[in-house]
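Chains as they are written, first to last, in the working numbering: chain P, 162 to 387; chain U, 5 to 249; chain F, 153 to 215.
What follows is a short report on a single structure.
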Amino acid sequence: MMTLSGAFFGVIRRDLSIALRHRGDLLNPLFFFLIVVTLVPLGISPEPARLAAMAPGMIWISALLATLLALDNLFRADFTDGSLVQLMLSPQPLWLLVLAKIIAHWLVTGLPVVLFSPLLGLMLSLPEAGFLPLLLGLILGTAVFSLLGAVGAALTVALHKGSVLLSLLVMPLYVPVLIFGTSAVQRAVDGVSYGGVMAMLAAASAFTLLVAPFAAAGALKVGING
Amino acid sequence: MWQWFHKLGSPRWFYQISGRVLPWLALASVVLIVSGAVWGLGFAPEDARQGNSFRIIYIHVPASFLALAGYYVMAVAGAVGMIWKMKLADMVMVAAAPLGAALTFIALFTGAVWGKPTWGTYWIWDARITSMLVLLFLYIGIIALSRSFSTRETSARACAILALVGTVNIPIIYKSVDWWYTLHQPATIKLTGAPSMHPDMFKPLLVMILGFYCFYALVLLLNTRTEILQRESRTTWVKQLAQSK
Amino acid sequence: MFQFENFDAFISMGGHGPYVWGAYGLSLTIMTWLALAPLRRQRVLLATLRQRIHAQDQKGGGQ
């Protein structure tokens, strides 16, 4: 009989090792992130002042799209090979295992995007003051993207054309995080304190952490019947 | 009490009872909306600053009210259906989604048309308009999800979960968009100064709001009844109903 | 009291006529359609059901 923490870390370890075996899938969202940000100066203007004005928003939006891109595979591969159903039949509470899967998924998709973001800030001539809030905000923000996205991914797991539908379902829910995240960076660039905004972002992610695993577990039970 | 609750869960009982209410609801909504519209279009005094274009308010405000309230109706129905496994609540939820989306669209459209003569452009990223747009996206998500499942039961459960997650999010979205707007509020355009309304302007609005509530209830009932017939088409009572007509 | 001097003034609404009438027109059209669409669907549904029952009855009678 496995203990709770054993099952929890077992799922994380398993998902991480699978992800490391498919390194291409791991890098794709990162390249996507990089390419989208490269298109910005090409599409708008290479002038540093204009780029700097758009940098917080552009980096946040591309980070959002990059995590969204990877989200579809959160449960799908496990659903196809049947291991998801096994996971659901295990005696451990499902929300805990779902949380483990979300954490593993965030470690391989959200975290690299976060670590990559300073480089893109540099490329879009983001003023120096903006880097720390960008990093902090993206850590919290991508966590919310993964947590909320898990609900959508669970609902659409058994549908054939789930991935477009998935973006349609979860993107409106990302609005507050995007607003708080970009304005934290903007405030830091403008030289205003951004502690309050960051606290709101932290509160939002704590709240999502409390609620989303249960919703995603419930959604998974419904979704696999699709 | 529980017997009543149980009865309410029976689609057949609901179909029969709602059939008796329908004509009255239809009458009330037609009378209220037509009289409110005539009153608002012809008899309410002209707004000193906006001129006659303000008359659009008599459609815009009630539609916005019900667009938002409709999402909560949908979420509550979904929750009831999920917790008590009540089939009827599932049907109400499915019926509420397209209706809410249509009202949200009406609110957005009338807002845009109102905007052109008032502040010179059809679209501005005002806090309320932007929140309305996000609400429309939430509705579209629910409708898209409900259409992609093959069984009605699963579809209803999935939509209920999404609607509940959306409901928790809506106040946060509204607050954050509000706050976002105060950051970016353009200095040249001032929208928020809704003039304190003259009572003569307010009375037709009240009639219209009442009319829209009746209209919402009417269409929700009609949609639910259609859904009932569709889902129960194999039962004897629906077959008898089909033959009696 | 009627706010306009004549019917033409009522239609033109001081230059805002197209906006006001357009908003009312489209909204009321959508709302009418919202109310009529389920009624039409019900009629079609009951008609197909009736046909199906009829077809079954005939098949049953022929045996």
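Cβ atoms here follow ideal geometry from the backbone N, Cα and C, with glycine treated the same way.
query                                                                                                     : result
N- and C-terminal bounds of the alpha helix (DSSP H) containing R151/U                                    : A131 to R151
A161/F versus M332/P - alpha carbon distance                                                              : 47 Å
Chain-ordered neighbours of R161/U on chain P, where CB pairs are closer than 7 Å                         : V383
Amino acids of chain P, ordered along the chain, whose beta-carbon sits closer than 8 Å to that of F141/U : L329, M332 and P333
Rounded Cβ spacing between S278/P and I220/P (contact assumed at less than 8 Å)                           : 6 Å
Boundaries (first-last residue) of the alpha helix (DSSP H) holding G298/P                                : F292 to L316
Element boundaries [alpha helix (DSSP H), containing G171/P]                                              : L165 to R182
Own chain, CB closer than 7 Å to K194/U, minus 5 neighbours either side, in chain order                   : Its pLDDT being 44, under 50, K194/U is placed unreliably in this model, and the value from its coordinates should be taken loosely. Closer than 7 Å at Cβ, skipping near neighbours: no residue.
DSSP-derived helix/strand/coil call for D51/U                                                             : strand
Helix, strand or coil at R229/U according to DSSP, with G and I counted as helix                          : helix
Cβ separation of L139/U and T171/U, assumed to be a contact under 8 Å, to the nearest whole Å             : Rounded, the Cβ-Cβ distance is 11 Å, inconsistent with contact.
Local Cβ density within 10 Å of Q347/P, reported as buried at 16 or more and exposed below that           : buried
Cutoff 8 Å: A148/U Cβ touching any chain P Cβ                                                             : yes
Where the alpha helix (DSSP H) through R59/U begins and ends                                              : Taken as a continuous stretch (DSSP letters only), R59/U belongs to no alpha helix (DSSP H), as it is neither H nor E.
Closer than 8 Å to chain F by CB, G13/U                                                                   : no
Interface residues of chain P facing V138/U [CB-CB closer than 8 Å]                                       : P333 and V336
Residues that V274/P contacts on chain U, provided the C-beta gap is smaller than 9 Å                     : Those do not exist, as V274/P stays about 22 Å from chain U at its closest Cβ, beyond 9 Å.
Status (buried if at least 16 other CB within 10 Å, exposed otherwise) for T317/P                         : buried
Proximity below 8 Å, CB of A158/P to CB of A311/P                                                         : Outside the displayed span of chain P (162 to 387) sits residue 158/P, for which this structure offers no information.
R161/U versus K89/U, V242/U and Y62/U, residue with shortest Cα-Cα distance                               : K89/U
Pairwise C-alpha distance: Y220/U and W43/U                                                               : 21 Å
Neighbour flag for F18/U against chain F, beta carbons, 8 Å                                               : no
Range covered by the alpha helix (DSSP H) that runs through L388/P                                        : The requested residue 388/P does not occur in the structure, where chain P is confined to residues 162 to 387.
Cβ-Cβ separation, I147/U to L166/U (assumed contact under 8 Å), whole Å                                   : Between I147/U and L166/U the Cβ distance is about 11 Å, and since that is not below 8 Å, they are no contact.
Continuous alpha helix (DSSP H) stretch holding T369/P: start and end                                     : G356 to G384
6 Å Cβ shell around G302/P - same chain, five flanking residues per side excluded                         : V338 and G342
Proximal chain U residues relative to I340/P, where beta-carbon distance stays under 8 Å                  : S180, V181, W183 and W184
Within 7 Å of chain F by C-beta, residues of the segment 212–227 of chain U in sequence order             : F219, L222, V223, L226 and N227
I21/U, enclosing alpha helix (DSSP H) - first and last residue                                            : P15 to V42
Pick from R182/P, R237/P and H321/P that is closest to V269/P, judged by C-alpha positions                : R182/P
Inter-residue Cα distance where the pair is I133/U and L112/U                                             : 7 Å
Proximal chain P residues relative to T108/U, where beta-carbon distance stays under 7 Å                  : By Cβ distance, chain P contributes nothing, its closest Cβ being about 12 Å from T108/U, past 7 Å.
Assumed close pair P66/U, I177/U - CB separation to whole angstroms, cut-off 8 Å                          : In fact, because the Cβ distance is near 22 Å, the residues do not count as touching under 8 Å.
Option in L250/P, L260/P and L281/P with minimal Cα separation from L200/P                                : L281/P
Chain F contact for G23/U (CB, 8 Å cutoff)                                                                : no
Exposure label - R195/F; buried when at least 16 CB within 10 Å                                           : exposed
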